[in-house]
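Using our numbering, you'd call the opening residue of the sequence shown number 78 and step up by one each time. Glycine included, each C-beta is placed from N, C-alpha and C at the ideal position.
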Amino acid sequence: MTKKLTLIALLLCLITLLSACSDVIKVKYIDEGFKDDDTGIGYVLCGRSVYALKVGKVYAKDQHGGEYCVIPYEDPQRFLCDNDPDLPRVYRAEGVEEVTVQNFDPVAAYLFLEGTVSLPIDQFVAEAKYTGNPDVPDDSEYTYALRDAMTQQDPVKLVSPTIDEAVADYIVHIRLLSATYPGLYYEVVFWRDIDGVNYLLDLSTGYSYLCPYKVTARLWGDA
């Protein structure tokens, strides 16, 4: 009887495994993206600022073994991500608008120092209409200041900073969060140059914008 139950359990596990495998779509890897030949739908890599907050189940696999996963809270017909557990890059379906700092509409942010590991140092909490908790401090003024600086001003530098330009102790990675794209984050980098000027770097474009004073003061307590 025990052997029978064990055999049944093994068969059920095998059926479940085969069923899961059959759900995975086969796609063809192409330059910076992949394509489902059966449907004709292609996916292209988003900009360097765009990452998935979490990696879901495997949705598709290419001819080289590359895996593309569901992003929780995003439609897989629109967005998928790779299987990198640390920095999952995002792919968008052809025809879906590119995610940019202009259309991301951030409402909150997490701030990190990057090294061997990511060290969280602060967060800008969203308005109560997003958190659902009026008792939590509202830090949205800082998030919106970041947004406005990068969408309502012209960039002051059009090339990413070199190692010699940026002061290493004043580099902060900012992960912007959005109600429009709830499964994604948009990463920008606060950096200070050797002359003491503070910037916000859009990783997708390489453009830098002047950082608002209130954000600098929140981070460092100075200009």
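- Counting along the chain, E218 sits inside the alpha helix (DSSP H) bounded by residues S217 to T228.
- Taking a contact to require three or more Cβ pairs closer than 8 angstroms, the region 147-166 and the region 209-219 do not qualify as touching.
- Note on geometry: alpha-carbon atoms of G209 and D115 lie some 43 angstroms from one another.
- Taken through DSSP and simplified to helix, strand or coil, Y120 comes out as strand.
- Leaving aside the five residues that flank D279 on each side, the residues in its chain whose CB is nearer than 7 angstroms to its CB run, in chain order, S126, V178, M227 and V265.
- Exclusion of the five residues before and after L130 leaves G260, L261 and Y262 as the residues of its chain whose Cβ lies within less than 7 angstroms of its Cβ.
- Between T257 and D182, the gap from beta carbon to beta carbon is short of 8 angstroms.
- Scanning its chain for C-beta atoms nearer than 6 angstroms, with the 5 sequence neighbours on each side dropped, one finds around R295 the residues Y219, in chain order.
- The closest CA to that of A245, considering only V274, V236, D270 and R224, is found on D270.
- Pairing E174 with N180, the inter-Cα distance amounts to about 9 angstroms.
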